[in-house]
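First the structure, in the form of structure tokens, and then the observations on it.
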Amino acid sequence: MALFSRRSKAPAPAIPAEPAVDLAAPDSARETRIFEIGSDFLKRARGHKASLLSAKFYSDALMEWSMKDHEFKVQMFRFVDAFPMLKTPEAILDHLEDYLSQPGVSVPGPIAAAMTAGKLLKGPAAGTISKQITSMASKFIAGTDAASALPALAKLWQEGIGFSVDLLGETCVSDDEADMYARKYLDLVENLPGTVAGWKPNARLETDHLGAIPRTNVSIKVSALSARCDPIDPEGALNDLMKRMLPILETARDRGVFVNFDMEHHALKDFTIELFQRCVEKVDFQAGLAMQAYLQSGPRDAQRLCEWAVRRGKLVTVRLVKGAYWDAETIKAEMHGWPCPVWPQKYLSDRCYEQMADVLLDACPVGEAQRGRGDVATGGAKPVGVKLALGSHNVRSIAAVLTSLERRGLPRNAIELQMLHGMADALKHAAAEMDLRVREYVPVGEMIPGMAYLVRRLLENTSNESWLKAGFLDNADAGSLLRAPTPP
Numbered sequence: 055m056a057l058f059s060r061r062s063k064a065p066a067p068a069i070p071a072e073p074a075v076d077l078a079a080p081d082s083a084r085e086t087r088i089f090e091i092g093s094d095f096l097k098r099a100r101g102h103k104a105s106l107l108s109a110k111f112y113s114d115a116l117m118e119w120s121m122k123d124h125e126f127k128v129q130m131f132r133f134v135d136a137f138p139m140l141k142t143p144e145a146i147l148d149h150l151e152d153y154l155s156q157p158g159v160s161v162p163g164p165i166a167a168a169m170t171a172g173k174l175l176k177g178p179a180a181g182t183i184s185k186q187i188t189s190m191a192s193k194f195i196a197g198t199d200a201a202s203a204l205p206a207l208a209k210l211w212q213e214g215i216g217f218s219v220d221l222l223g224e225t226c227v228s229d230d231e232a233d234m235y236a237r238k239y240l241d242l243v244e245n246l247p248g249t250v251a252g253w254k255p256n257a258r259l260e261t262d263h264l265g266a267i268p269r270t271n272v273s274i275k276v277s278a279l280s281a282r283c284d285p286i287d288p289e290g291a292l293n294d295l296m297k298r299m300l301p302i303l304e305t306a307r308d309r310g311v312f313v314n315f316d317m318e319h320h321a322l323k324d325f326t327i328e329l330f331q332r333c334v335e336k337v338d339f340q341a342g343l344a345m346q347a348y349l350q351s352g353p354r355d356a357q358r359l360c361e362w363a364v365r366r367g368k369l370v371t372v373r374l375v376k377g378a379y380w381d382a383e384t385i386k387a388e389m390h391g392w393p394c395p396v397w398p399q400k401y402l403s404d405r406c407y408e409q410m411a412d413v414l415l416d417a418c419p420v421g422e423a424q425r426g427r428g429d430v431a432t433g434g435a436k437p438v439g440v441k442l443a444l445g446s447h448n449v450r451s452i453a454a455v456l457t458s459l460e461r462r463g464l465p466r467n468a469i470e471l472q473m474l475h476g477m478a479d480a481l482k483h484a485a486a487e488m489d490l491r492v493r494e495y496v497p498v499g500e501m502i503p504g505m506a507y508l509v510r511r512l513l514e515n516t517s518n519e520s521w522l523k524a525g526f527l528d529n530a531d532a533g534s535l536l537r538a539p540t541p542p
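Under our numbering, the first residue of the sequence shown carries the number 55, and numbering increases by one thereafter.
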């Protein structure tokens, strides 16, 4: 994977045309309130600390070892990435030994013991290793399909947490593969609503400040639905996608399903926004779009989307995330000598996240209880504008947005928190205690298409810049965890 072969030379220069993140001195009153909210959130979450990570020894130990030893992490994650293609015990053990015998790699005792045992008993040793990787994957991937994931979805609902189901797989390479994914999405939006309709009512999960919201929420990756996602031929690509998207969206409209468009690599960013807008203008479904704060174009993109929604009389949701492809975007820009589309340092992405959240909150329509404040017009009987969903495990970022929400006189149910399946359970339970609406992003799929997703999640868990690592494994103090984003 290119992720593990990043060159050490200086990153390409930032794109000069994009607006800079606001670097003004922090507002002391705002920072005080952020600290108050964040401290309460953090205290509650640390009370649930035992549930942050699974109790399974090997998966937890693997992440702990990876945090301590970068060389081990690189080689182990390379092995995890290759694992689905290894069909025999010999292949599994040979590849594991090849990866972990590289210079500079220190092998932890339990893994070394498994490798030694494998020289005598390849079958049992390989079986043990396979079980641990499968167990690790099951932490982040709820099932092989929607049916097998239903128990996990039902358990979430019982715990007061909603869901957004994502079918793993991206960048399809043939029309047959695209058609297969389209059939799977169509089956999902046709059949899942009938199942979840029988679950116990939950007002927090089923309403926001404007009224009812769907129980069933599905996330779609554009590149899984066409082998022609080519920005060089946008019209041809859009036409190919629309023929598969429209039946899914029309069914979602009829069945009351919320559909979110995931954002992928930067090369598809403008293309995905254009596709989203065309679909929303053509089909009146409950729609959402992910936007990435690690992109330097983020504030401008958010502003344009808000202006479009008001101009067209549409109400959409934005899932605001930091972004999951930073390494790949940086490496690609370096390889080609292009300006890099992502912020070069994490604190700039964190600042941009808060700035984009403010842009999106300014476009949030008001409910009956907030009428007369003079914010975004409701367009008569039908609200228009943008609702915000926070895709974050960073308590500082969440507390900053909750503070901005208060300053605008909006209730807490005007936004929702979205967190990843298998990560930050302590934060989810703490947020629910604070009467915040929480939704899990729940991937389902087979091992091979899910492996890239799994490796991204493992990298997030073990990164030295991970907020979860700092907050729950390093036990950093609240002052450092909740301070305004600043240079390291």
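We put the beta carbon where it would ideally sit given N, CA and C, even for glycine.
Please read these numbers as outputs of a predicted model, since none were measured by experiment.
Per DSSP, reduced to three states, the secondary structure at ARG373 is strand. Less than 8 Å divides the Cβ of VAL337 from the Cβ of GLU304. The three-state secondary structure of TYR348, taken from DSSP, is coil. By the criterion of a C-beta distance shorter than 6 Å, ALA278 is surrounded in its chain by GLY223, GLU224, CYS226, TYR235, once the five residues flanking it on both sides are discounted. Here LYS368 carries a coil assignment [DSSP, helix/strand/coil]. For GLN472, the enclosing beta strand (DSSP E) begins and ends at 469-474. The beta carbon of LEU154 sits closer than 6 Å to those of GLN129, VAL161, all from its chain and outside the five residues before and after it, given in chain order. Residue pairing for ARG493: DSSP places it in a beta bridge opposite GLY216, GLN472. When DSSP states are grouped into helix, strand and coil, LYS441 belongs to the strand group. The three-state reading of DSSP puts THR182 in helix, counting H, G and I together. Three or more pairs of CB atoms, one per stretch, sit closer than 8 Å, so the region 309-319 contacts the region 243-259. The beta-carbon separation of ALA530 and SER93, rounded to 13 Å, does not stay under the 8 Å limit for a contact. Comparing alpha-carbon positions, the option among PHE330, TYR379, ALA306, VAL272 lying closest to ALA321 turns out to be TYR379. Taking PRO539 as the centre and dropping the five residues before and after it, the same chain places the C-beta of TYR401, ASP404, ARG405 closer than 6 Å to its C-beta, in chain order. The three-state secondary structure of PRO395, taken from DSSP, is coil.
Taking a contact as a CB-CB distance under 8 Å, the pair GLU328 and LEU292 counts as one, their CB atoms being some 7 Å apart. For the pair HIS447 and ALA484, the CB atoms are not nearer than the 8 Å cut-off. One Cα belongs to PHE95, the other to ALA136, and the distance between them is close to 39 Å.
Spatial neighbours of ALA167 in its own chain (CB-CB distance under 8 Å, excluding positions within 5 residues in sequence) are not present.
Beta-bridge annotation (DSSP): ASN271 is paired with PHE312.
Taken through DSSP and simplified to helix, strand or coil, GLN156 comes out as coil.
For the pair ALA344 and VAL372, the Cα-to-Cα distance works out to about 6 Å.
For ARG87, same chain residues with a beta-carbon under 6 Å away, outside a window of 5 residues either side, are THR457 in chain order. Ranking PRO138, CYS418, HIS102, GLN156 by CA distance to the CA of GLU125 puts GLN156 first.
With a cutoff of 8 Å on beta-carbon distance, ARG491 and ARG258 are scored as near each other.
DSSP places GLU85 in the uninterrupted alpha helix (DSSP H) bounded by 82-101.
Assignment of beta-bridge partners to ALA266 by DSSP yields THR261.
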